[in-house]
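Following: one structure in structure tokens, then a few remarks.
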Amino acid sequence: MLWIHRRSGIRLVLDVLHQRCHNAGEPLLDALASCLATWPPQEQPKIHFSSPRTELRALMRQGQRHLLLPLSNQHSDLIHPFEFVEFLRGARAAGLRPFDIMLEAKAKELAVLRLREQIARYAPDLAQVVE
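Residue numbers (this note's numbering): 1104 to 1234.
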């Protein structure tokens, strides 16, 4: 993806779930650092964070309800708190510049509120960072 930035100057927005699904072996924090470097110093970079769907999917076919396994490239209803905390801690430990995180979850605002509660409970040291 960096070739797009090199040719056009367009800033890159890391999508964590898509990077995990479609990467060629590049570690997540390396991909994050590369994307952050495409943003001018005076602008706050943005990234997208979502957790993969783990719930069964219900499909109605000819009046019958069928349960299907989840697809790992689909967004979950909520954000997995431990996965999110690990990501944040890794970014901070790597000394990366601050960035905004746009959460992608089917439960929308409820997912944000729930994640804030979980961070306060499981990672109080990060509660101030997540505003």
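By construction, the Cβ of each residue, glycine as well, lies at the ideal position given by its N, Cα and C atoms.
Check	Outcome
In the DSSP output, what is I1204 paired with across the bridge?	I1150
Taking DSSP's pairing of strands, which residues face R1168 in a bridge?	M1163
If you count every other CB in all the chains shown that lies within 10 Å of the CB of S1175, and 16 or more means buried, which is it?	exposed
Does the distance from the C-beta atom of I1182 to that of A1214 stay below 7 Å?	yes
Could you check what DSSP says for H1121 in three-state terms: helix, strand or coil?	helix
Along the alpha helix (DSSP H) that carries H1183, what are the first and last residues, could you check?	From DSSP, H1183 is part of no alpha helix (DSSP H); its letter is neither H nor E.
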